[in-house]
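Here's the structure, in structure tokens; my notes come after.
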Amino acid sequence: NAGVTQTPKFQVLKTGQSMTLQCAQDMNHNSMYWYRQDPGMGLRLIYYSASEGTTDKGEVPNGYNVSRLNKREFSLRLESAAPSQTSVYFCASSEAVGYSNQPQHFGDGTRLSIL
Amino acid sequence: EDQVTQSPEALRLQEGESSSLNCSYTVSGLRGLFWYRQDPGKGPEFLFTLYSAGEEKEKERLKATLTKKESFLHITAPKPEDSATYLCAVECRHLSGGYNKLIFGAGTRLAVHP
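Going down the list, the sequences are from chains A and B.
Numbering-wise, the first sequence is residues 15 to 129 according to this note's numbering.
Numbering-wise, the second sequence is residues 55 to 168 according to this note's numbering.
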């Protein structure tokens with residue numbers, strides 16, 4: 015009964031380092047999403063994948079890349095981390111193909127600090 | 055510009071003291087409004103979906119309502135375990151085509167004290 019699993023839970027990076035955040039869902043959902051959550055702001059969409067094999071930019075895609083490895087897994091990569099990317103990152107999934115009035119199911123987040 | 059605003063930012067209640075949280079929105083073509091609960095260190099947990107003005111949904115001490123411009127989350131006789139951040143999200147039409155988009159409010163932090 016795992017739902018959406020994110021790894022790692024915490025990470026500290028130095029400016030310029032790269033890393034990949036992993037996300038996997040076991041609900042056979044079609045759509046997957048990456049958000050960032052910053053204090054005082056709503057969740058903001060970085061990238062999404064409406065179905066296996068497709069990815070699209072969201073509201074704040076600069077500095078990030080994604081890969082929809084298969085139906086279960088959707089990874090987020092920071093190629094050259096910057097302090098402005100310090101945030102909590104959430105992965106989510108939904109049954110629908112793209113946004114379509116279906117609720118999203120979230121993982122518990124990755125807390126990323128960039129020094 | 056599409057916008058979702060939640061108020062208040064923070065709310066402190068005594069156990070048993072009923073209140074309401076507000077989510078107001080200005081969007082193009084509402085497709086649905088979602089309420090989520092978020093506990094510290096956790097991801098948002100889905101509570102309700104509302105699709106049209108006049109609709110209401112209930113779950114235990116929570117009741118969500120929707121009008122053409124806002125939604126309310128009413129909390130009746132809250133308990134300390136209701137303490138959390140409550141997020142509102144609005145799904146609306148994407149003017150540039152393609153899939154709909156989802157806009158989150160910043161949330162209301164609710165603290166219920168015994």
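C-beta atoms are modelled at their ideal positions from N, C-alpha and C, and glycine is treated no differently.
Predicted model, so just to flag it, every value in this text is computed and none were measured.
Mapping the DSSP letters down to three states, classify residue i as helix, strand or coil.
| i | result |
| --- | --- |
| Asp-70/A | strand |
| Ser-106/B | coil |
| Ser-94/A | coil |
| Gln-99/A | helix |
| Arg-66/B | strand |
| Thr-29/A | coil |
| Leu-129/A | coil |
| Arg-86/A | coil |
| Ala-106/A | strand |
Note down the Cα distance separating residue i from residue j, rounded to an integer number of angstroms.
| i | j | result |
| --- | --- | --- |
| Val-166/B | Ser-72/B | 10 Å |
| Arg-147/B | Ser-106/B | 15 Å |
| Ala-118/B | Ser-32/A | 42 Å |
| Tyr-153/B | Ser-114/A | 8 Å |
| Tyr-103/A | Phe-24/A | 10 Å |
| Glu-18/A | Phe-88/A | This sequence places Val at residue 18/A; Glu is not what is there. Straight-line Cα distance between these residues: approximately 11 Å. |
| Asp-90/A | Gly-30/A | Sequence inspection shows Leu at residue 90/A; the Asp mentioned does not correspond to that position. Rounded to whole angstroms, Leu-90/A to Gly-30/A spans 16 Å at the Cα level. |
| Ser-107/A | Thr-68/A | 14 Å |
| Trp-48/A | Met-55/A | 16 Å |
| Leu-75/B | Leu-65/B | 9 Å |
| Asp-40/A | Ala-16/A | 7 Å |
| Lys-28/A | Phe-158/B | 30 Å |
| Cys-37/A | Arg-82/A | 10 Å |
| Asp-70/A | Pro-22/A | 24 Å |
Leaving out five residues on either side along the sequence, give the residues of the same chain with a beta carbon under 8 Å from the beta carbon of residue i.
| i | result |
| --- | --- |
| Pro-134/B | Glu-69, Val-166, His-167 and Pro-168 |
| Val-111/A | Asn-44, Ser-45, Ala-64 and Ser-65 |
Can you list, in chain order, the residues of its chain whose CB lies under 6 Å from that of residue i, leaving out five sequence neighbours each side?
| i | result |
| --- | --- |
| Pro-97/A | Ile-128 |
| Tyr-79/B | Val-58 and Val-144 |
| Glu-109/B | Leu-120 |
| Lys-122/B | Ala-107 |
| Pro-156/B | Before going further, note that residue 156/B is Leu rather than Pro in the sequence given. The answer, listed in chain order, is Ala-143 and Glu-145. |
| Thr-34/A | Ser-89 and Arg-91 |
Leaving out five residues before and five after residue i in sequence, what residues of the same chain have Cβ atoms less than 7 Å from its Cβ?
| i | result |
| --- | --- |
| Gly-97/B | none |
| Arg-58/A | Tyr-49, Arg-50, Glu-73 and Val-74 |
- request: Would you mind listing the beta strand (DSSP E) stretches within the stretch 109-166 of chain B that are 3+ residues and don't spill past its ends, in chain order?
  value: 110-113, 116-120, 124-129, 138-146 and 155-158
message: To test your reading of the DSSP string, which unbroken beta strand (DSSP E) runs of 3 or more residues are found completely within the stretch 33-84 of chain A?
response: 33-39, 45-51, 58-63 and 78-82
query: Counting Cβ pairs, one atom from each stretch, are 3 or more of them under 8 Å apart for the stretch 86-103 of chain A and the stretch 99-117 of chain B?
result: no
task: State whether the stretch 114-123 of chain A contacts the stretch 82-98 of chain B, with contact taken as three or more CB pairs (one from each stretch) at a distance under 8 Å.
output: yes
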